[in-house]
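Engineer:
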Amino acid sequence: MTQDSTTDDRLARGQAKLAEITGRSGAEVMTALGEIAPDFARYIFEFGYGDIYSRPGLDLRTRMLSTVAGLVALGHAARELEVHIGSALNVGATKEEVVEVIMQMALYAGFPAALDALFIARKVFAERGLTSAPQP
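The sequence shown begins at 0 in numbering that gives the first Met the number 0 and counts up by one.
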């Protein structure tokens, strides 16, 4: 097997995993980054999704909840957090689990990071019709 076919396998595996997790086509990401950094898009697919998200050992639900926790802890990745909260829901995490993970991060990332993340989660939940009626 040549390096090119190995890279192509990683790319294809990564694109398939991204579609499984997010429901989005890899072509969207490639197009979005195509003008500025097409190689970066390949790195996301090959390493992020083709290698890391495709590893055995953790199910996708656990991986996505871990990703949400990490993004909350960063405190400066709102766009990615929104995508990955949606992805966590796509692979079986519940609204309550997402909220609990975010609340847990208040201990390690601080209350402002958790609060920002809860507002992002609220937006994702509303877009998916997962909001509850306001309490009186």
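Using N, Cα and C, we set each Cβ at its ideal position, and we do this for glycine too.
To the nearest angstrom, report how far apart Ile84 and Glu27 are at their CA atoms.
Structural biologist: Rounded to whole angstroms, Ile84 to Glu27 spans 19 Å at the Cα level.
Engineer: At a cut of 8 Å, does the stretch 26-44 reach the stretch 66-73 through at least three beta carbon pairs?
Structural biologist: Verdict: no, contact absent.
Engineer: Excluding five sequence neighbours on each side, which residues of the same chain lie with their C-beta closer than 7 Å to the C-beta of Ile43?
Structural biologist: Excluding sequence neighbours, Ile43 sits near Val28.
Engineer: Rounded to whole angstroms, what is the Cα-Cα separation between Ile119 and Ala92?
Structural biologist: C-alpha separation (whole angstroms): 16 Å.
Engineer: Helix, strand or coil for His83 per DSSP?
Structural biologist: Note: His83 maps to helix in three-state DSSP.
Engineer: If you compare alpha carbons, which of Val123, Glu95, Tyr48 and Arg9 is closest to Lys16?
Structural biologist: Closest option to Lys16, Cα to Cα, is Tyr48.
Engineer: For Thr21 versus Ser86, is the C-beta distance shorter than 9 Å?
Structural biologist: Yes. Within cutoff.
Engineer: Just mark Thr30 as buried or exposed, buried being the case when its beta carbon has 16 or more other beta carbons within 10 Å.
Structural biologist: That one is exposed.
Engineer: Where does the unbroken alpha helix (DSSP H) through Tyr42 begin, and where does it stop?
Structural biologist: Start and end: Pro37 to Tyr42.
Engineer: What's the gap between the Cα of Leu117 and the Cα of Gln103?
Structural biologist: Distance between the alpha carbons of Leu117 and Gln103 is about 11 Å.
Engineer: Between Val143 and Val100, which are expected to be in contact by the criterion C-beta below 8 Å, what is the C-beta distance as a whole number of angstroms?
Structural biologist: The displayed coordinates of the chain run from 0 to 135. Any statement about residue 143 would go beyond what the structure contains.
Engineer: If I'm right that Glu34 touches Leu10 with Cβ under 8 Å, what's the distance once you round it to whole angstroms?
Structural biologist: About 19 Å separates the two Cβ atoms, so there is no contact after all.
Engineer: Looking at the structure shown, is Pro111 part of a helix, part of a strand, or coil, going by DSSP?
Structural biologist: Three-state DSSP puts Pro111 in a helix.
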